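A.B. asks: Okay, handing you the structure first.
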Amino acid sequence: MSSVDSGGDGGRWLDAHYDPVAGLYTFSSCVDLADLSGDGESRLVVGDLGSGSSGMKLKVYRGTALMSESTLLDLPAGLVAFFMDLHEPRIPAVAVASGPCIYVYKNLRPYFKFTLPGLEVNSLEQDVWHQAREGGIDPVTLREMLESVRKKANVPLSVRSLRFLSLETGDMDEFVQLHKQQPIRRQTVITCIGTLKKSTADEDGVSCLVIGTESSDVFVLDPEAFIILSKMSLPAAPAMMDVTGQFDVEFRITVACRNGNIYILRRDSDKPKYSIELSYHPVGLVRVGKNVVVGCTDESLQGFTQKGKKLWRAVLPAPITTMAAMDLPTRGFQAVLVGLANCEVHLYRDKNLLSTIKTPDVVTSICFGRYGREDGTLIVTTKGGGLMVKILKRTAAFDDRDGTAGPPPAQSVRLNVPKKTKLYVDQTLRERESGLAMHRAFQMDLSRLRLSAAKSYVKALESSLTPMSSSLTEPLKMNAVVQGLGPAFKLTLNVQNTAACRPVMNLAVSFLYDESLYRMRNPYMRIPLLVPGLVYPVETFVECTSDKGISDIIKVFVLHEGRSSPLLTAHINMPVSEGLTLN
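Throughout, the numbering used here is defined as the position within the sequence shown, counted from one, plus 290.
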């Protein structure tokens with residue numbers, strides 16, 4: 291036994307064991323902790339990948355020593371420990387997913403083998419192989435026909451046909467003679483496995499097996515009879531899954547698929563209920579409470595609600611190699627352990643980094659739970675086959691403060707929304723029952739409001755006391771000033787070009803007035819070139835010709851020469867003449 295320095299963890303972990311030549315090559319999906327003897331001590335169960343083509347074994351560790359090992363026939367895709375019955379003593383079984391089969395071990399001995407049901411075989415493929423069996427076609431023709439079937443058919447070819455298409459011409463005849471008498475089968479394989487409590491949430495309650503397959507299906511198996519209780523379909527092949535709830539009550543199966551999306555399956559639904567679309571492919575999936583934490587290939591950790599709403603995102607210093615949940619029920623503490631390619635294991639609670647553990651090699655699998663008689667044990671395997679065991683100190687405390695820039699933690703605290711009152715409920719019922727009438731009344735009031743606003747606008751235009759206007763098409767601005775007591779008045783128009791650098795030219799001013807009341811010397815005048823920023827006064831004289839003591843509005847129009855549509859319009863309220871009338 292040897293120990294390594296776990297710098298950066300703040301002294302929260304004890305180095306219990308490190309064996310760099312343990313020869314364990316596995317992933318987090320093939321590691322579990324379970325009390326396989328019923329003596330209160332948990333064992334470490336590992337599905338060892340061996341060299342990838344041979345040496346696959348099921349290994350069981352007790353403490354730091356290898357307790358037993360069994361040979362596996364194929365590469366393990368996943369491993370879980372579960373209670374399959376209510377018999378005493380309460381000892382869990384171990385289910386190993388390998389290829390199209392699940393191998394169940396009880397008391398560390400083979401107990402049952404479950405094989406996935408076969409898939410539909412392409413009818414055209416069957417006809418082609420039938421002709422080859424009868425001697426109607428030679429191997430070269432068989433290859434051409436299978437190539438044509440593969441391009442056009444909706445159902446994929448079987449493994450036999452795919453192997454045949456990959457052969458050289460000289461090996462085809464031998465392959466056909468060896469396999470032509472055998473029936474064609476198309477079999478899927480298991481990609482991930484999990485457990486689902488049957489009816490109770492007790493720690494030692496009976497659990498169902500949940501498996502994801504290459505054919506984009508998810509099966510729930512009965513723990514005793516090993517029959518399919520439920521079948522659900524996904525848009526793509528599943529790669530990782532997390533299961534919570536009870537099969538007889540309500541459950542959620544969160545699945546990360548190879549198309550880069552995450553789907554959430556629920557009870558009484560054979561299709562995904564919710565979908566989370568990711569920008570990058572997921573490499574890790576862990577459920578923490580009611581939230582889902584996903585690790586992505588862009589070196590980020592993201593949190594989502596169980597309905598797919600994104601909560602937070604944390605950037606990591608290196609690519610993710612593996613992820614696992616850290617659950618301490620005695621302390622009410624839940625977090626996520628993330629193994630990185632820079633030989634570190636980070637502990638995150640939400641987006642807050644709580645601890646960093648340095649390892650001597652790249653981490654390939656992480657498992658946290660009760661090992662032996664210690665509840666807080668961290669088990670890590672490395673890329674070189676090493677095995678590392680760390681124990682969380684009983685006095686360890688994690689600071690949950692967020693060191694990154696952003697909104698304060700208090701912003702994410704939910705408001706204490708008061709309960710619905712009787713008045714609110716009555717109002718809601720009234721809106722449901724009289725929704726149509728309320729909408730019609732609202733539309734009528736809105737129309738009246740628009741009509742009143744239009745009338746007020748027209749009245750303001752007709753009786754405006756501010757003779758000032760601006761143009762929407764040209765950068766012009768104008769105001770008018772009336773001087774004098776009467777009957778002669780001086781009318782000054784101040785015109786300004788508000789553009790930044792463009793001059794305005796070829797403008798004219800026209801006046802519209804009641805000729806029975808007023809007389810103007812120049813009712814039409816040209817305006818010189820307007821330089822931006824300067825105010826140009828345009829002056830004229832108005833004479834009142836009425837002796838009735840009344841006044842009227844003079845309308846001013848600024849327009850381009852030769853055009854009838856005005857650019858500016860102003861209404862000037864002339865004062866009442868206080869002098870003698872000019873005749």
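Quick reminder that beta carbons are idealized off the backbone N, C-alpha and C, glycines included. Quantities reported herein were computed from a predicted structural model and do not represent experimental measurements.
Determine, using beta-carbon pairs with one atom in the segment 366-374 and one in the segment 328-344, whether at least three such pairs fall under 8 Å.
C.D. replies: yes
A.B. asks: Taking 8 Å as the threshold, find out whether the segment 665-674 comes into contact with the segment 614-629 through three or more Cβ pairs.
C.D. replies: yes
A.B. asks: Using the beta-carbon count (16 or more within 10 Å), is Asn706 buried or exposed?
C.D. replies: On the sequence shown, position 416 is the one that residue 706 refers to. Asn706 should be labelled exposed.
A.B. asks: Could you tell me the distance, in whole angstroms, from the CA atom of Ile425 to the CA atom of Lys597?
C.D. replies: One-based indexing of the sequence shown puts residue 425 at position 135. One-based indexing of the sequence shown puts residue 597 at position 307. Per the sequence shown, the amino acid found at residue 425 is Gly instead of Ile. Spanning the alpha carbons of Gly425 and Lys597 requires a straight line of approximately 58 Å.
A.B. asks: Going straight from the alpha carbon of Arg811 to that of Phe847, what length do you get?
C.D. replies: Looking up residue 811 in the sequence shown gives position 521. Looking up residue 847 in the sequence shown gives position 557. Distance between the alpha carbons of Arg811 and Phe847 is about 16 Å.
A.B. asks: Could you name each continuous beta strand (DSSP E) segment of 3 residues or more that falls completely within the segment 652-717, going from the start of the chain to the end?
C.D. replies: Listed in chain order, they are 653-661, 664-672, 677-682.
A.B. asks: Name the residue from Met795, Ala778, Asn769, Pro777 whose alpha carbon lies nearest to the alpha carbon of Asn784.
C.D. replies: Taking the first residue of the sequence shown as 1, we reach residue 784 at position 494. Of Met795, Ala778, Asn769, Pro777, the residue nearest in Cα terms is Asn769.
A.B. asks: Go through its chain and collect everything with a Cβ distance to Ala789's Cβ below 8 Å, but skip five positions before and after it.
C.D. replies: Locating residue 789 in the sequence shown gives position 499, counting from the first residue. Excluding positions up to five away in sequence, the list reads Pro765, Pro822.
A.B. asks: Considering Arg453, what are the terminal residues of the beta strand (DSSP E) in which it resides?
C.D. replies: Along the sequence shown, read from residue 1 onward, the residue named residue 453 stands at position 163. That residue, Arg453, is in no beta strand (DSSP E); its alpha helix (DSSP H) goes 449-455.
A.B. asks: Buried or exposed: Leu870, going by 16 or more other Cβ atoms within 10 Å of its Cβ?
C.D. replies: Along the sequence shown, read from residue 1 onward, the residue named residue 870 stands at position 580. Caution is warranted here: a pLDDT of 48 is assigned to Leu870, below 50, making its placement in the model unreliable, and the coordinate value is therefore given only provisionally. Its Cβ having fewer than 16 others within 10 Å, Leu870 is exposed.
A.B. asks: From the DSSP output, in three-state form, read off Ala306 for me.
C.D. replies: Within the sequence shown, residue 306 is the residue found at index 16, counting from 1. Three-state result, Ala306: strand.
A.B. asks: Let me know the secondary structure DSSP gives Thr646 once reduced to three states.
C.D. replies: Residue numbering aside, residue 646 sits at position 356 when the sequence shown is read from its first letter. Thr646 falls in the strand class under three-state DSSP.
A.B. asks: Quick check on the DSSP output: the beta strand (DSSP E) that includes Glu464 runs from which residue to which?
C.D. replies: Working through the sequence shown from its first residue, we reach residue 464 at position 174. First-last for Glu464: 459-469, but that is the alpha helix (DSSP H), not the beta strand (DSSP E).
A.B. asks: For Phe732, count neighbouring C-beta atoms within 10 Å of its own C-beta (all shown protein chains included) and say buried if the count is 16 or more, exposed if not.
C.D. replies: The count along the sequence shown starts at 1 and reaches residue 732 at position 442. Classification of Phe732: exposed, given that the 10 Å Cβ count is below 16.
A.B. asks: Taking three-plus beta-carbon pairs below 8 Å as touching, is the segment 520-539 in contact with the segment 475-488?
C.D. replies: yes
A.B. asks: At what residues does the alpha helix (DSSP H) containing His420 begin and finish?
C.D. replies: For the purposes of this step, residue 420 is taken as the residue at position 130 of the sequence shown. Taken as a continuous stretch (DSSP letters only), the alpha helix (DSSP H) holding His420 covers 413-423.
A.B. asks: Can you tell me which of Ala625, Val605, Tyr315, Arg450 puts its alpha carbon nearest to the alpha carbon of Arg639?
C.D. replies: The count along the sequence shown starts at 1 and reaches residue 639 at position 349. Taking only the C-alpha atoms, the option nearest Arg639 is Ala625.
A.B. asks: Identify every run of the beta strand (DSSP E) within the segment 785-854, keeping only runs that are complete inside it and at least 3 residues long; order them along the chain.
C.D. replies: Within the segment 785-854, the complete beta strand (DSSP E) runs of at least 3 residues are 797-802, 808-810, 814-817, 825-834, 843-850.
A.B. asks: Any contact of the segment 411-424 with the segment 386-400, i.e. 3+ C-beta pairs under 8 Å?
C.D. replies: no
A.B. asks: State whether the segment 647-661 contacts the segment 590-609, with contact taken as three or more CB pairs (one from each stretch) at a distance under 8 Å.
C.D. replies: Contact between the segment 647-661 and the segment 590-609 is absent, because fewer than three Cβ pairs lie under 8 Å.
A.B. asks: Do the CB positions of Ser451 and Leu436 come within less than 8 Å of each other?
C.D. replies: The residue you call residue 451 lines up with position 161 of the sequence shown. The residue you call residue 436 lines up with position 146 of the sequence shown. Yes, Cβ-Cβ distance for Ser451 and Leu436 is below 8 Å.
A.B. asks: To the nearest angstrom, report how far apart Val771 and Leu858 are at their CA atoms.
C.D. replies: Looking up residue 771 in the sequence shown gives position 481. Looking up residue 858 in the sequence shown gives position 568. The alpha-carbon atoms of Val771 and Leu858 are separated by roughly 16 Å.
A.B. asks: For the beta strand (DSSP E) containing Val430, list its first residue and its last residue.
C.D. replies: Within the sequence shown, numbered from 1, the residue matching residue 430 stands at position 140. Run containing Val430: none in the beta strand (DSSP E); it sits in the alpha helix (DSSP H), 429-442.
A.B. asks: Tell me which residue opens and which closes the beta strand (DSSP E) that Lys396 is part of.
C.D. replies: Against the sequence shown, residue 396 aligns to sequence position 106. Run containing Lys396: 391-396, per the beta strand (DSSP E) assignment.
A.B. asks: Any chance you could list the beta strand (DSSP E) runs of at least 3 consecutive residues sitting entirely within the segment 602-632, in chain order?
C.D. replies: Within the segment 602-632, the complete beta strand (DSSP E) runs of at least 3 residues are 610-618, 623-630.
A.B. asks: For Ala387 versus Tyr401, is the C-beta distance shorter than 8 Å?
C.D. replies: Within the sequence shown, the letter at position 97 stands for residue 387. Within the sequence shown, the letter at position 111 stands for residue 401. Contact: no.
A.B. asks: Would DSSP call Val578 helix, strand or coil?
C.D. replies: By one-based count along the sequence shown, residue 578 stands at place 288. DSSP, reduced to helix, strand and coil, places Val578 within a strand of the structure shown.
A.B. asks: In whole angstroms, what separates the C-alpha of Pro429 from that of Ser505?
C.D. replies: Mapped onto the sequence shown, residue 429 falls at position 139. Mapped onto the sequence shown, residue 505 falls at position 215. Going by the C-alpha atoms only, they are around 29 Å apart.
A.B. asks: Give every residue of the same chain whose Cβ lies closer than 7 Å to the Cβ of Pro856, excluding the five residues on either side of it in the sequence, and list them in chain order.
C.D. replies: Position 566 of the sequence shown, counted from the start, is the residue given in the question as residue 856. The residues are Phe847, Val848, Leu849.
A.B. asks: Would you call the segment 353-360 in contact with the segment 459-471, where contact means no fewer than 3 C-beta pairs closer than 8 Å?
C.D. replies: no
A.B. asks: Which stretch, first to last residue, makes up the beta strand (DSSP E) that contains Thr361?
C.D. replies: Position 71 of the sequence shown holds residue 361. Going by DSSP, Thr361 is part of the beta strand (DSSP E) stretching over 355-361.
A.B. asks: Helix or strand or just coil, what does DSSP make of Ser332?
C.D. replies: As a first step, residue 332 is located in the sequence shown; it is residue number 42 there, counting from the start. Ser332: strand per DSSP, three-state reduction.
A.B. asks: Looking at C-alpha atoms only, which residue of Pro813, Pro818, Asp837 is the closest neighbour of Ile874?
C.D. replies: Given a span of 291 to 873 for the chain in the structure shown, any question on residue 874 remains unanswerable.
A.B. asks: Report the rounded CA-to-CA distance for Leu677 versus Leu376, giving the unit in angstroms.
C.D. replies: Taking the first residue of the sequence shown as 1, we reach residue 677 at position 387. Taking the first residue of the sequence shown as 1, we reach residue 376 at position 86. Each residue's alpha carbon lies about 34 Å from the other.
A.B. asks: Going by C-alpha distance, which of Met374, Phe373, Gly345 is nearest Asn360?
C.D. replies: Residue 360 sits at position 70 when you count from the first residue of the sequence shown. Looking at the sequence shown, residue 360 is not Asn but Ser. Closest option to Ser360, Cα to Cα, is Gly345.
A.B. asks: Look up Lys597 in the DSSP assignment and say whether it is helix, strand or coil.
C.D. replies: Start at 1 with the first residue of the sequence shown, and residue 597 comes out as number 307. Per DSSP, reduced to three states, the secondary structure at Lys597 is coil, with no helix or strand assignment.
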